[in-house]
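Each residue of the sequence shown is one higher than the last, beginning at 0 in numbering that gives the first Met the number 0.
Glycine included, C-beta positions come from ideal geometry on N, C-alpha and C.
Worksheet: one structure, shown below.
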Amino acid sequence: MRRVSITLGLLALLAQPADAQPTALQRCEELAGLAIPAAAIGLPTGGAAVTTARRLAETPPRPHPDGEFAQALPVHCNVQGEIRPVDPAAPRILFNVNLPLSWNGRALQSGGGGLGGSVITAPGQKASARFDPVPLTAPYPIALGYATFGGDGGHQGNDVAFMRNDEAMRNWGVESMKKTRDVALRVIEAAYGSAPTRVIFNGESAGGREALMVAQRFPDDYDGVIAVSPVLSWFYIHLADNHIRSLMVSGWLDAAAVRLVAERTRQSCDEADGVRDGIIARYLECPNDVATLRCPDGARGQGCLSDAQIAVVNAIREPWSMQVPLAHGITRYPGFGVTGDEDAPRYQWPFYVTGAEPPSFPLPPGRGFEPRRGAVLNFAAILVRHAIVQDEAFDPFHFQATRHAARLQYLSTLFDATDPDLTRFRARGGKLILLQPAADNAVGTPMVAEYYRSVVARMGQAETDSFLRFYVTAGSGHNVVGPSQFDTLSILEGWLDGTAPPDAPAAFDIHPETLQTVRSMPACRYPAYARYSGSGDPNRAESFTCTARPDPLGFAPAR
Numbered sequence: 000m001r002r003v004s005i006t007l008g009l010l011a012l013l014a015q016p017a018d019a020q021p022t023a024l025q026r027c028e029e030l031a032g033l034a035i036p037a038a039a040i041g042l043p044t045g046g047a048a049v050t051t052a053r054r055l056a057e058t059p060p061r062p063h064p065d066g067e068f069a070q071a072l073p074v075h076c077n078v079q080g081e082i083r084p085v086d087p088a089a090p091r092i093l094f095n096v097n098l099p100l101s102w103n104g105r106a107l108q109s110g111g112g113g114l115g116g117s118v119i120t121a122p123g124q125k126a127s128a129r130f131d132p133v134p135l136t137a138p139y140p141i142a143l144g145y146a147t148f149g150g151d152g153g154h155q156g157n158d159v160a161f162m163r164n165d166e167a168m169r170n171w172g173v174e175s176m177k178k179t180r181d182v183a184l185r186v187i188e189a190a191y192g193s194a195p196t197r198v199i200f201n202g203e204s205a206g207g208r209e210a211l212m213v214a215q216r217f218p219d220d221y222d223g224v225i226a227v228s229p230v231l232s233w234f235y236i237h238l239a240d241n242h243i244r245s246l247m248v249s250g251w252l253d254a255a256a257v258r259l260v261a262e263r264t265r266q267s268c269d270e271a272d273g274v275r276d277g278i279i280a281r282y283l284e285c286p287n288d289v290a291t292l293r294c295p296d297g298a299r300g301q302g303c304l305s306d307a308q309i310a311v312v313n314a315i316r317e318p319w320s321m322q323v324p325l326a327h328g329i330t331r332y333p334g335f336g337v338t339g340d341e342d343a344p345r346y347q348w349p350f351y352v353t354g355a356e357p358p359s360f361p362l363p364p365g366r367g368f369e370p371r372r373g374a375v376l377n378f379a380a381i382l383v384r385h386a387i388v389q390d391e392a393f394d395p396f397h398f399q400a401t402r403h404a405a406r407l408q409y410l411s412t413l414f415d416a417t418d419p420d421l422t423r424f425r426a427r428g429g430k431l432i433l434l435q436p437a438a439d440n441a442v443g444t445p446m447v448a449e450y451y452r453s454v455v456a457r458m459g460q461a462e463t464d465s466f467l468r469f470y471v472t473a474g475s476g477h478n479v480v481g482p483s484q485f486d487t488l489s490i491l492e493g494w495l496d497g498t499a500p501p502d503a504p505a506a507f508d509i510h511p512e513t514l515q516t517v518r519s520m521p522a523c524r525y526p527a528y529a530r531y532s533g534s535g536d537p538n539r540a541e542s543f544t545c546t547a548r549p550d551p552l553g554f555a556p557a558r
C-alpha cells in the first residue's frame, strides 16, 4: 500500500530531459520540397515529400471546451507533407511535423482518434499542443523542446470509400504509423542536422490502440510508449457495440433510464471504497444488479426498466461472443463492466452508448453515421457496413459474424493490438505506460485489464513489471474526463533514464476553461484501488491510499 507521493509541480519539473543538449533549428522554410525516397521508409511506399514548411508565430492562450489550447504555443516550424502509396488507387498518408526553435533531441509521435482522417498534430488539432492524459496546466511538449509529429492514418475526412482498398486498410490498421515515423525522422534530421536520440509514441482511444500496435509490431523503432484507453481489440469491441445497437432498436435507454441505472449502481457500490462521493473506486467489483430495476410486467414504465431495456444494459456490461476467433486467440469482448458514471454528461452513456435518440431500423443506405446516436454505435455501423461487408446498403442489424469470418479474421490481423508477446520491445529497453480510466464507457476497463493479464501470463509478473506500468484512475471516463490527468510523459522519461515510476501518482481533474483543479485522486497500479483513509478532504488524492486486493478478474485472460 502506498499513498500518493508525487505532485504536479514535481512532474512538470521532471518533464525537462536532464541530459538533453538543446539544438538550434537550422532549416525551416527551405525544407519545403524535401523528398524522402521510398528506400528510406521501412515499409513499401511511393516515397514522400514535404509540401509546405513555415514558421508559425506564437499562439496566444485561448480557452477551449477540452482545454487543448489553454496555454500559448511558442514560435515553431510547421512542416506538412504526404507519403505516396504503392497502389495509385490508395489515398496518400498526410503527415505534420512541429519543430521547436530549440530542440531537446527527442521526438514525440501522436496517434489519431475516432475513425481517423485528420492529421492529429496539424495546427488547430489537439496534439499540436498537448495530449491526453498530460494535465492541462503542464508545459506543452513542444515548449519543452520535443519535435512532435503525426499523420492521418492514410485517409482523409469522413469518406469511407478507402475501406475498399487493401493498402489503405493496411495503412489505417498499422502501417501508416511506421511510415509516418520513418518520414518524420528524416525531416527532423534535415532540420537539426542530427537524428533523435529518443522516440516516444503516445495515443489515446484509437490512438491508444496504435500505441500498443507500434510496441507489438515495430518494437525496434520506439524507446517509450504511452497508451491511454486503448481500443485494442478493435473488431471485437465494435462488433459488441453493433450487438448493443441491434438491441437498442427495441430497448433504447432514454436519459431517465440511464439515470436510474447509474443511481442504482452508486447506491450499491459507492461506499465500497470507504466514502460516499459518487465514485466507484473499487472498480470491476460492483455487481450488475440491473434486474432489480425490472418493471413488474416487463413492459416499459416509470421508474423501472422493461425487459428489452434490461437486455441492453446486460449487453453493455457483460461479456459477449460472436463465435469467431480473432487474432491471438481472442474469442470474446468482456463487456464494459459496471462503472457508476453512466449518466455523466461528458463522454459517458449519453454520448458514446445510448445517444439522444434510438438507432434507426432499418439503417438508410450510405455512410451509416446518424447524428444524435451513440458514437460507438455509429462507429460499429460504419465498420460493419463498409470495412467488413463492403455494401453501403447493408443493414448492420442483420450482421452475422460467421458469414464473414474470413474477412473478419483478416482485418483482425491488421487492427487488433492484442498480441501479449512484448519480448522484443522489452529486450531493446522499451518502456510502456498503460492508463485506463475506471469509468470508461467507450473502452471497457475489463478489456484493457484482460490484455494486461495476458501479457503477465505470457511474460511473467517480474518481467512485465520491468517494462510495463498499468494505472487505473477512479471516477474517470473516456477522453480522460474526471480525475485522470497526470504527467505520463515525465514519468516515462524518468523511467527511461533509470527512475522507476511511482505506484500512485496523483491524477487531476482540471477544469478546461478555468484551469482550476476540481479534484484529485491517486492513479493506482492494477489491481490496487483507491481507498479513502477515513479522514481528510475526499476531493484530494492525499486522502486516499492505493490498496492491494486480489485480481478482480481472477487472472483470466480472454482466450
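Using the three-state DSSP reduction, which class does Arg372 fall into: helix, strand or coil? On the sequence shown, residue 372 is found 373 positions in, with the first residue counted as 1. It is coil, neither helix nor strand.
Contiguous alpha helix (DSSP H) assignments of at least 4 residues, all confined to the region 331-413: 374-381
Any chance the region 84-94 sits against the region 143-163, with 3 or more Cβ pairs inside 8 angstroms? yes
Would Leu431 pass as a contact of Leu467 if the rule is Cβ separation under 8 angstroms? One-based indexing of the sequence shown puts residue 431 at position 432. One-based indexing of the sequence shown puts residue 467 at position 468. Yes, they are a contact pair.
Straight-line Cα distance separating Tyr332 from Pro526: Along the sequence shown, one-based indexing puts residue 526 at 527. Along the sequence shown, one-based indexing puts residue 332 at 333. Looking at the two C-alpha atoms, the distance is approximately 20 angstroms.
Would you call His397 buried or exposed, if buried means 16 or more other Cβ atoms sit within 10 Å of its Cβ? By one-based count along the sequence shown, residue 397 stands at place 398. Looking at its Cβ environment, which holds fewer than 16 other Cβ atoms inside 10 Å, His397 is exposed.
With 16 as the cutoff for other CB atoms within 10 Å, does Ala473 come out buried or exposed? For this step, residue 473 is matched to residue 474 along the sequence shown. Looking at its Cβ environment, which holds 16 or more other Cβ atoms inside 10 Å, Ala473 is buried.
Could you tell me the alpha carbon to alpha carbon distance between Asp342 and Gln308, rounded to whole angstroms? Residue mapping note: residue 342 aligns to position 343 of the sequence shown, counting from 1. Residue mapping note: residue 308 aligns to position 309 of the sequence shown, counting from 1. When rounded, the distance between both Cα atoms is 15 angstroms.
Exposed or buried, Phe360, counting other C-beta atoms within 10 Å across all chains shown (16 or more means buried)? Locating residue 360 in the sequence shown gives position 361, counting from the first residue. Exposed, by the Cβ-count rule.
Grab me the residues of Pro500's own chain with a C-beta within less than 6 angstroms of its C-beta, minus the 5 sequence neighbours each way, in chain order. Position 501 of the sequence shown, counted from the first residue, corresponds to residue 500. Answer for Pro500: Arg468, Ile490 and Trp494, listed in chain order.
Straight-line CA distance for Pro295 to Asp253? The sequence position of residue 295 within the sequence shown is 296, counting from 1. The sequence position of residue 253 within the sequence shown is 254, counting from 1. Cα to Cα, the separation comes out at about 19 angstroms.
Kindly give me the distance between the Cβ atoms of Thr422 and Met458, rounded to whole angstroms, as I take these residues to be in contact under 8 angstroms. In the sequence shown, counting from the first residue as 1, residue 422 sits at position 423. In the sequence shown, counting from the first residue as 1, residue 458 sits at position 459. Confirmed, about 7 angstroms.
For Ala503 and Ile5, the rounded distance between their alpha carbons: As a first step, residue 5 is located in the sequence shown; it is residue number 6 there, counting from the start. As a first step, residue 503 is located in the sequence shown; it is residue number 504 there, counting from the start. Legend: pLDDT at Ile5 = 39, less than 50; position of this residue unreliable, no value from coordinates given.
Over the uninterrupted beta strand (DSSP E) stretch that includes Arg524, give me the two end residues. Against the sequence shown, residue 524 aligns to sequence position 525. From DSSP, the beta strand (DSSP E) with Arg524 extends over Thr516 to Arg524.
Is Ala426 buried or exposed, if buried means 16 or more other CB atoms sit within 10 Å of its CB? Sequence index remark: in the sequence shown, residue 426 carries index 427 (1-based). So Ala426 ends up on the exposed side.
Grab me the residues of Pro419's own chain with a C-beta within less than 8 angstroms of its C-beta, minus the 5 sequence neighbours each way, in chain order. Along the sequence shown, one-based indexing puts residue 419 at 420. So the qualifying residues of the chain are His327, Tyr450, Ser453, Val454, Ala456, Arg457, Met458 and Pro556.
Answer yes or no: do Leu30 and Val49 have a C-beta to C-beta separation smaller than 8 angstroms? Residue numbering aside, residue 30 sits at position 31 when the sequence shown is read from its first letter. Residue numbering aside, residue 49 sits at position 50 when the sequence shown is read from its first letter. Yes, the Cβ-Cβ distance between Leu30 and Val49 is below 8 angstroms.
Nearest-angstrom Cα distance between Asp536 and Ser542? One-based indexing of the sequence shown puts residue 536 at position 537. One-based indexing of the sequence shown puts residue 542 at position 543. Straight-line Cα distance between these residues: approximately 6 angstroms.
Assign Gln15 to one of two classes, buried (16 or more other C-beta atoms within 10 Å of its C-beta) or exposed (fewer than that). In the sequence shown, residue 15 corresponds to position 16, counting from 1. In this predicted model, Gln15 has a pLDDT of only 47, less than 50, meaning its place in the structure is not dependable enough to derive any value.
Per DSSP, what kind of secondary structure is Gly297 in: helix, strand or coil? Indexing the sequence shown from 1 puts residue 297 at position 298. Correct three-state label for Gly297: coil.
Whether Tyr351 touches Ala437 by CB criterion (8 angstroms): Position 352 of the sequence shown, counting from 1, holds the residue named residue 351. Position 438 of the sequence shown, counting from 1, holds the residue named residue 437. Contact: no.
Reduced DSSP secondary structure (H/G/I, E/B, other) of Leu33: Start at 1 with the first residue of the sequence shown, and residue 33 comes out as number 34. Coil at Leu33, not helix or strand.
Rounded distance between the beta-carbons of Leu100 and Val118, thought under 8 angstroms: As a first step, residue 118 is located in the sequence shown; it is residue number 119 there, counting from the start. As a first step, residue 100 is located in the sequence shown; it is residue number 101 there, counting from the start. About 22 angstroms separates the two Cβ atoms, so there is no contact after all.
Pull up the DSSP beta-bridge partners for Asn201, would you. Here residue 201 refers to the residue found at position 202 of the sequence shown. In the DSSP output, where bridge partners are listed per residue, Asn201 has Ser109 and Ile225.
Within 10 angstroms of the Cβ of Arg548, are there 16 or more other Cβ atoms? Answer buried if so, exposed if not. Counting from 1 along the sequence shown, the entry for residue 548 is found at position 549. Classification of Arg548: exposed, given that the 10 Å Cβ count is below 16.
Using C-beta distances below 7 angstroms, list every residue in its chain close to Val520, excluding the 5 sequence neighbours before and after it, in chain order. Counting from one through the sequence shown, the residue named residue 520 turns up at place 521. Checking the displayed sequence, the identity of residue 520 turns out to be Met instead of Val. Thr472, Ala473, Gly474, Pro482, Ala506, Ala529, Ala540 and Phe543.
Quick check on the DSSP output: the alpha helix (DSSP H) that includes Val454 runs from which residue to which? Here residue 454 refers to the residue found at position 455 when the sequence shown is read from its first residue. It spans Thr444 to Met458 - the alpha helix (DSSP H) in which Val454 sits, taken as one unbroken run.
Excluding the 5 residues preceding and the 5 following Val480 in the sequence, name in chain order all residues of the same chain whose CB lies nearer than 6 angstroms to its CB. In the sequence shown, the residue the question calls residue 480 occupies position 481. Hits under 6 angstroms: Arg345 and Tyr346.
Based on Cα-Cα distance, which residue from Leu42, Gln20, Ala47 and Ile40 lies nearest to Leu33? For the purposes of this step, residue 33 is taken as the residue at position 34 of the sequence shown. Here the closest residue by C-alpha is Ala47.
Report the option in Trp319, Tyr282 and Gly339 whose CA atom is closest to the CA atom of Asn289. The residue labelled residue 289 in the question sits at position 290 within the sequence shown. Contrary to the premise, residue 289 reads as Val rather than Asn in this sequence. Ranking the options by Cα distance to Val289, first place goes to Gly339.
Which same chain residues, not among the five before or five after Arg316, have their C-beta less than 8 angstroms away from its C-beta? Within the sequence shown, numbered from 1, the residue matching residue 316 stands at position 317. Result list for Arg316: Asn287, Val289, Gly334, Phe335, Gly336 and Val337, in chain order.
With 16 as the cutoff for other CB atoms within 10 Å, does Ala226 come out buried or exposed? Taking the sequence shown and counting its residues from 1, one reaches residue 226 at position 227. So Ala226 counts as buried.
Local conformation of Cys285 per DSSP, three classes: Taking the sequence shown and counting its residues from 1, one reaches residue 285 at position 286. Note: Cys285 maps to coil in three-state DSSP.
Going by other Cβ atoms of all chains shown within 10 Å of its Cβ, with 16 needed for buried, is Glu512 buried or exposed? For the purposes of this step, residue 512 is taken as residue 513 along the sequence shown, with counting starting at 1. The residue is exposed, with fewer than 16 neighbouring Cβ atoms inside 10 Å.
Tell whether a beta-carbon distance below 8 angstroms holds between Asn170 and Ser109. Translated into the one-based positions of the sequence shown, residue 170 becomes position 171. Translated into the one-based positions of the sequence shown, residue 109 becomes position 110. No, Cβ-Cβ distance for Asn170 and Ser109 is not below 8 angstroms.
In three-state DSSP terms, what is Pro138? Mapped onto the sequence shown, residue 138 falls at position 139. In this structure, Pro138 counts as coil in the three-state DSSP scheme.
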